[in-house]
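Undergrad: Using the UniProt record's numbering, read the sequence shown as starting at 1 and increasing by one per residue.
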Amino acid sequence: MISIQIDYVGNTNEILEKAERIKQLSDELEKETWELKKLIGNGNISGKLLPSE
């Protein structure tokens with residue numbers, strides 16, 4: 001789960017939209033990771049997410 005705290009004064013609509021999208025993607029990633037673990041069985045999954053540019 002990803003927790004986001006934003007301290008910002010100004011137009012926050014775009015920031016809030018991006019934060020909501022990050023939460024949605026986090027939830028999707030968690031679900032996909034769980035499904036992948038089920039497919040692998042007792043295997044071990046590790047790694048890190050790197051930002052793409």
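Using N, Cα and C, we set each Cβ at its ideal position, and we do this for glycine too.
Kindly indicate which three-state DSSP category ASP7 falls into: helix, strand or coil?
TA: For the purposes of this step, residue 7 is taken as residue 7 along the sequence shown, with counting starting at 1. Reduced to three states, the DSSP call for ASP7 is coil.
Undergrad: Would you identify the three-state DSSP class for THR33, choosing helix, strand or coil?
TA: Position 33 of the sequence shown holds residue 33. The answer is helix: DSSP assigns THR33 an H, G or I state.
Undergrad: Using DSSP with H/G/I as helix, E/B as strand and the rest coil, what is SER26?
TA: The sequence position of residue 26 within the sequence shown is 26, counting from 1. Residue state for SER26 is assigned as helix, using DSSP reduced to three classes.
Undergrad: Assuming contact is defined by CB atoms lying nearer than 7 Å, are ILE6 and ILE15 in contact in what I supplied?
TA: Numbered from 1 along the sequence shown, position 6 holds the residue referred to as residue 6. Numbered from 1 along the sequence shown, position 15 holds the residue referred to as residue 15. Yes, Cβ-Cβ distance for ILE6 and ILE15 is below 7 Å.
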